[in-house]
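Undergrad: Let me begin by handing over the structure; questions about it come next.
Numbering (the numbering used here), first residue to last: 73 to 253.
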C-alpha cells in the first residue's frame, strides 16, 4: 500500500525529548485504506513523539466523530470516537512489524510512517454495534422501527396460561406416580 506523505515523520533531525504533531483525519484517509464503512469523518489526532537515544515512543491521542449507518435502522448518525494508542520504535537488523506495540526499523532509517497505526487504532476504537442515539432514548421516528414494532410478537396473558395448563392426557397418569408415595 502506498504511504501517505503527511504521516511519514522524519526523526533524524529532531532533538531528544518530546515533540507534538497535529493531524486532521477525514474520510479521504479511510478511502486510502479502502475502508468504506464511514460516510464522513472529522477526527483530531495529536501525536506525541518522545525521542530517546536508542528508541522512539509514540502516543496517539484522537477524538472526533465519524458518520456511520445505524445497525438497526440504517439511519446515518455521528458516532463519537476517541482513544489513545502507544507504541515504540526500535532499531535492529531488519524491518519487523509483527508485534503490534513494537516496530523495528533497520539501522540507518531516518523516517517512520505511522499511518497504519493511526488507521487501526481509530477503527478498533469503534463500538461493535452502532446504534443511533434516537433509538436508545425513543426519539427516532423511522419507517423501519414502525415496521419492527408492527411485526413483533404480541403476548396475550390469557392465551399463554391456557396453553400452559393444558397437558397431554397421557402424561396425567404419569404425574400420579410422582404423588403416590
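Where a beta carbon is used, it is the ideal one built from N, C-alpha and C, also for glycine. From a predicted model like this one, the values you see are computed outputs, not experimental measurements.
Taking all protein chains shown into account, do 16 or more other C-beta atoms lie within 10 angstroms of the C-beta of residue 254, making it buried, or fewer, making it exposed?
TA: This structure cannot speak to residue 254, because the chain is shown only from 73 to 253.
Undergrad: Would you kindly work out how many angstroms separate the C-alpha atoms of residue 285 and residue 127, rounded to a whole number?
TA: This structure gives no information on residue 285, because the portion of the chain shown stretches from 73 to 253.
Undergrad: Could you check whether residue 175 and residue 159 sit closer than 8 Å to each other, using their CB atoms as the reference points?
TA: Yes.
Undergrad: Flag this pair as yes or no: are the beta carbons of residue 82 and residue 163 separated by less than 8 Å?
TA: The answer is no: Cβ separation not under 8 Å.
Undergrad: On the three-state DSSP scale, how would you describe residue 231?
TA: Annotation note: pLDDT 49 at residue 231 (below 50); position unreliable, coordinate value reported separately. Helix, per DSSP.
Undergrad: Checking 8 Å against the spacing of the C-beta atoms, do residue 79 and residue 185 come in under that value?
TA: Contact flag set, yes.
Undergrad: Where does the unbroken alpha helix (DSSP H) through residue 191 begin, and where does it stop?
TA: 187–197 is the span of the alpha helix (DSSP H), which, as asked, contains residue 191.
Undergrad: Determine the closest residue to residue 199 out of 141, 96, 85, with distance taken between C-alpha atoms.
TA: Ranking the options by Cα distance to residue 199, first place goes to 141.
Undergrad: Which residues in the same chain as residue 150 place their Cβ atom closer than 6 Å to its Cβ, once the five residues preceding and following it in sequence are excluded?
TA: Only 137, 139 meet the Cβ criterion.
Undergrad: Whole beta strand (DSSP E) runs in the segment 96–168 with 3 or more residues, listed along the chain?
TA: Listed in chain order, they are 112–123, 127–141, 148–164.
Undergrad: Judging by CA-CA distance, which residue of 213, 249, 157, 103 is the nearest neighbour of residue 120?
TA: That would be 157, whose Cα lies nearest to the Cα of residue 120.
Undergrad: Using alpha carbons as the reference points, say which of 125, 133, 87 lies closest to residue 97.
TA: It is 133 whose Cα lies nearest to the Cα of residue 97.
Undergrad: Using the three-state DSSP reduction, which class does residue 241 fall into: helix, strand or coil?
TA: DSSP places residue 241 in helix when its eight states are reduced to three.
Undergrad: State the start and end residues of the unbroken beta strand (DSSP E) segment that holds residue 225.
TA: First-last for residue 225: undefined, no H or E at that position.
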